[in-house]
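In our numbering, the protein residues as written are 419 to 1279.
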């Protein structure tokens, strides 16, 4: 099915387009070779682009029809982006067009997402791409665009396979459900069986065609990769005249080259284009930029001095150094930025670009690089070096990097202007050779300083590899392999910068998470309070955030290195497809991006659960009339609910099909039958404890030989802290099946019994009065009549004492031991004052027969 998107008839002039702001061009003799871009979005969502000439527009296969009308098919959404080829179109018009076409893509693509793949048109496009690949003159950019287009078609074919296979299974299941053909079948059943067979044959044909297209696109991508490799190898190994031959042939030309350079600078400086008004505006802009920078410096300096910094922490030290460096560099950055903006607005339309404009545009990046060098290696006072580097090494490296910045700025001025085209080719090649020599030698020097760092001490192979690559680049430049030299220099510098930024980010995030977990910092302490996390306790979900952050940083480094080293776009697209569409192991499809998003979702839901639990515990439930045990049970259950939500939402984000839960449930039942009875028993017991609440956090309980306070009730076990502050983990099943003494189940009040013995002959009535009076005078004893008053019992006549027992109810049984101690002290004092003796055990020993002492003779023996 075809959907017209934009249209212009063949030969329509650009200004006569029948559709407002449509992409029409006039294919006249003068514009027949004009290039423009066709961009597409495959049904799998993969974007691609292809450049064709105007004369090829009407020969382009569908979706571009012969009259030049742009259509959207069920396979590919395509349109002509006129902003990429209209020579007279103003910049504003181009941006508007691009945005309008993006909106059109967003509106049209969903219409075709559910349509079947038109395999004939895909095959035609692959055929045309194969013809393009066979052309002799094709560059790397065209090969990349070709690979991107083929990858889009391959994704569409793979989607076709993935959608058709389940369709075939369903049709086969429907056919089997009708049973074997029989003469007794009704006409409706026969007709339905025939329809299903026809659909099955058509689906199998579609599946076979799509699989063939996948294989064909694979072969075409391999051929594109081989051709790209050959083109790149030919480009890299292209050799020009070596430096010695150039010097030998042109040793007498430098005076003429200098004169040409001076003449170029006088002619193309652009100073003569600036009127008095321009100079005045420039002066005001510089004044405003530098003035704003000075004001910013003053404000930042005062703020840095006023704020308290924890310089022993890496992140705090880094932020202190960052703001101090920003304060120092603000006038240069803002002043150069103001000048750059002024020259860009006033002189960028001049062709060729004036030399003074090129200088102005290059100054902000130059000053920014110097600020970064100062930040990392030579921070201004009062800031200190936040990296673990010797100061002498850091200062030497900073000087070397500043020299490199000057060299790069000089190279930019030469090669970004028309100076390189105005000089003879031997002159520019000799200058490039000298420039590359100085640049590479300084690079080797700077990298030698970097490799002295302790982190590279055990990586001698890396040091040797980097030096080898730079030496090869230098030799290649001298021998005339300039493309190879430029590529090596660019790749080495890009790789080192990416690696340095990666290590810095890893260190910053590690320190950030350490501070967040410790809660020692003011902001991290506030986060702990909001999350309801106690001191020295881990933040739930933070481990996953650490893992995902490290994975994202290292993954970004790998991706950047692939781009820096100019790895084939096909390989990058395959990696991207592997990450976004996943890979299959048996019947399991694993999508790495979805797994990462699932882990991130789990971490965020667990963090949200911690926040909700804190709110419930400290705010929301405190306003209700629920007792403490019910509140704690509610908080605990809420935590487990959020954990379950995190688990199931994570599975959903990862693409897990919940119909497979039946298989998991079956596996769990087998596991429970063989060895998980205890775990399940404890789990169910934990749920019973949370809902029935025979014990709760803070209760004083006795379980067997264990006595102490309940610290935490988990799903599998309960933590009891003894009076010696030893933690005892008791399985929940024991608390349900065994006898448990809970001193504080429904009421904090309880009874204590205190045994007291007095000597025989003591006044027992006086003893009873003293014991009762001591109990009544203690503030912790219940005396208001809500419970029985203290009572004294004369229990027995003991062997050495008259045994009494004081029984009294106390307000808080948790204070039982302290109250017993207070009563003992009071009783001892009262008995001493009353002259009542507390006896100690006595025994009378009677010896019936005493043997005679040994005689003298026996002693002599």
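C-beta atoms are modelled at their ideal positions from N, C-alpha and C, and glycine is treated no differently.
Per DSSP, the bridge partner or partners of residue 676: Against the chain shown, residue 676 aligns to sequence position 258. In the DSSP output, where bridge partners are listed per residue, residue 676 has none listed.
Three-way DSSP call (helix, strand, coil) for residue 1137 in this model: Here residue 1137 refers to the residue found at position 719 when the chain shown is read from its first residue. Strand, per DSSP.
Can you tell me which of 885, 847 and 1137 puts its alpha carbon nearest to the alpha carbon of residue 864? In the chain shown, the residue the question calls residue 864 occupies position 446. The option with the nearest alpha carbon to residue 864 is 885.
Note down, in chain order, each residue of its chain lying with its Cβ closer than 6 Å to the Cβ of residue 745, except the 5 sequence neighbours on either side. In the chain shown, residue 745 corresponds to position 327, counting from 1. Counting only Cβ-Cβ distances below 6 Å, and skipping sequence neighbours, we find 715, 718 and 719.
Can the beta-carbon of residue 1148 be found less than 9 Å from the beta-carbon of residue 1140? On the chain shown, position 730 is the one that residue 1148 refers to. On the chain shown, position 722 is the one that residue 1140 refers to. In this structure, the beta-carbon distance from residue 1148 to residue 1140 does not fall below 9 Å.
Just to confirm, are residue 1198 and residue 1157 a CB contact at a threshold of 9 Å? For the purposes of this step, residue 1198 is taken as the residue at position 780 of the chain shown. For the purposes of this step, residue 1157 is taken as the residue at position 739 of the chain shown. Not closer than 9 Å, so no.
DSSP three-state call for residue 434: helix, strand or coil? Locating residue 434 in the chain shown gives position 16, where the first residue counts as 1. For residue 434, the predicted structure reports a pLDDT of 37, less than 50, and the residue's modelled location is therefore unreliable. A value from the coordinates is still provided. Helix, per DSSP.
If we count the other Cβ atoms within 10 Å of its Cβ and call it buried at 16 or more, is residue 1293 buried or exposed? This structure cannot speak to residue 1293, because the chain is shown only from 419 to 1279.
Checking 9 Å against the spacing of the C-beta atoms, do residue 742 and residue 808 come in under that value? Within the chain shown, numbered from 1, the residue matching residue 742 stands at position 324. Within the chain shown, numbered from 1, the residue matching residue 808 stands at position 390. No, these two residues do not count as a Cβ contact at 9 Å.
For a test of the three-state rule: what should DSSP assign to residue 808, helix, strand or coil? By 1-based counting over the chain shown, the position of residue 808 is 390. The three-state secondary structure of residue 808, taken from DSSP, is coil.
Can you tell which of 564, 1071, 920 and 592 has its C-alpha closest to the C-alpha of residue 639? Position 221 of the chain shown holds residue 639. Of the listed residues, the one whose Cα sits closest to residue 639 is 564.
Let me know the secondary structure DSSP gives residue 556 once reduced to three states. Taking the chain shown and counting its residues from 1, the one referred to as residue 556 is at position 138. Residue 556 falls in the coil class under three-state DSSP.
Give every residue of the same chain whose Cβ lies closer than 7 Å to the Cβ of residue 1018, excluding the five residues on either side of it in the sequence, and list them in chain order. Numbered from its first residue, the chain shown carries residue 1018 at position 600. The answer, listed in chain order, is 966.
May I have a chain-ordered list of the beta strand (DSSP E) segments no shorter than 3 residues that lie completely inside the segment 946 to 1031? Listed in chain order, they are 1001 to 1003 and 1006 to 1008.
Given residue 624, which residues of its chain have a CB within under 8 Å of its CB, disregarding the five upstream and five downstream residues? Here residue 624 corresponds to residue number 206 of the chain shown, with the count starting at 1. These residues qualify, in order along the chain: 534, 535, 537, 578 and 582.
Cβ-based burial, residue 672 [other Cβ within 10 Å; buried from 16]: As a working note, residue 672 is residue 254 in the chain shown. Per the 10 Å Cβ criterion, exposed.
Straight-line gap, residue 1131 to residue 1031 (C-alpha atoms, nearest Å): Stepping through the chain shown from its first residue, residue 1131 is reached at position 713. Stepping through the chain shown from its first residue, residue 1031 is reached at position 613. Distance between the alpha carbons of residue 1131 and residue 1031: 15 Å.
Quick one: is residue 851 buried, meaning 16 or more other Cβ sit within 10 Å of its Cβ, or exposed? Taking the chain shown and counting its residues from 1, one reaches residue 851 at position 433. Per the 10 Å Cβ criterion, buried.
Do residue 1103 and residue 1153 have their C-beta atoms closer together than 9 Å? Within the chain shown, residue 1103 is the residue found at index 685, counting from 1. Within the chain shown, residue 1153 is the residue found at index 735, counting from 1. Contact: yes.
For the putative contact between residue 788 and residue 823, defined by C-beta atoms under 8 Å, what is the C-beta separation to the nearest angstrom? Residue mapping note: residue 788 aligns to position 370 of the chain shown, counting from 1. Residue mapping note: residue 823 aligns to position 405 of the chain shown, counting from 1. With 8 Å as the limit, residue 788 and residue 823 qualify as a contact, their Cβ atoms being about 6 Å apart.
What did DSSP end up calling residue 843 once you bin it into helix, strand or coil? Taking the chain shown and counting its residues from 1, the one referred to as residue 843 is at position 425. Helix, per DSSP.
With residue 997 and residue 1011 assumed to form a contact (beta carbons below 8 Å), what rounded beta-carbon distance in angstroms separates them? By 1-based counting over the chain shown, the position of residue 997 is 579. By 1-based counting over the chain shown, the position of residue 1011 is 593. Separation of the CB atoms of residue 997 and residue 1011 is rounded to 5 Å, and the pair is thereby assigned contact status at 8 Å.
Please classify residue 1230: does DSSP put it in a helix, a strand, or coil? The count along the chain shown starts at 1 and reaches residue 1230 at position 812. Three-state DSSP puts residue 1230 in coil, outside helix and strand.
Would you mind reading off the limits of the beta strand (DSSP E) that contains residue 1213? Residue 1213 sits at position 795 when you count from the first residue of the chain shown. Looking at the DSSP string, the run of the beta strand (DSSP E) that includes residue 1213 is 1209 to 1215.
Flag this pair as yes or no: are the beta carbons of residue 1325 and residue 739 separated by less than 9 Å? Any question about residue 1325 goes unanswered here, given that the chain covers just 419 to 1279.
On the three-pair Cβ rule with 8 Å, is the segment 1245 to 1254 touching the segment 1194 to 1208? no
Ignoring anything shorter than 4 residues or poking outside the segment 852 to 909, list the alpha helix (DSSP H) runs there in chain order. 878 to 897
Which residue's Cα is closest to the Cα of residue 1113: 1123, 1127 and 758? Position 695 of the chain shown holds residue 1113. Comparing Cα-Cα distances from residue 1113 to each of 1123, 1127 and 758, the minimum goes to 1127.
Can you give the beta carbon distance from residue 1133 to residue 1058, rounded, assuming they're within the 8 Å contact cut? As a first step, residue 1133 must be located in the chain shown, where it is residue number 715. As a first step, residue 1058 must be located in the chain shown, where it is residue number 640. Confirmed, about 7 Å.
Taking its Cβ as the centre, do 16 or more other Cβ atoms sit within 10 Å of residue 764, making it buried, or is it exposed? The residue given as residue 764 occupies position 346 in the chain shown. The residue is buried, with at least 16 neighbouring Cβ atoms inside 10 Å.
Kindly indicate which three-state DSSP category residue 1167 falls into: helix, strand or coil? Sequence index remark: in the chain shown, residue 1167 carries index 749 (1-based). Residue state, collapsed to three classes: coil.
Just list the residues that DSSP pairs residue 1145 with in beta bridges. Walking along the chain shown from the start, residue 1145 turns up at place 727. Its beta-bridge partners are 1139.
Using the rule of at least 16 other Cβ atoms within 10 Å of the residue's Cβ for burial, across every protein chain shown, is residue 655 buried or exposed? The residue given as residue 655 occupies position 237 in the chain shown. That one is exposed.
I need the DSSP call for residue 1222, collapsed to helix, strand or coil. Here the question's residue 1222 lines up with position 804 in the chain shown. If DSSP states are grouped into helix, strand and coil, residue 1222 belongs with the strands.
Proximal residues to residue 981 (C-beta, below 8 Å), its chain only, five neighbours per side dropped: Reading the chain shown from its first residue, position 563 is the one you call residue 981. Same-chain partners within the cutoff: 990.
Can you tell me whether residue 736 is buried or exposed, with buried defined as 16 or more other CB within 10 angstroms of its CB? Along the chain shown, read from residue 1 onward, the residue named residue 736 stands at position 318. The residue is buried, with at least 16 neighbouring Cβ atoms inside 10 Å.
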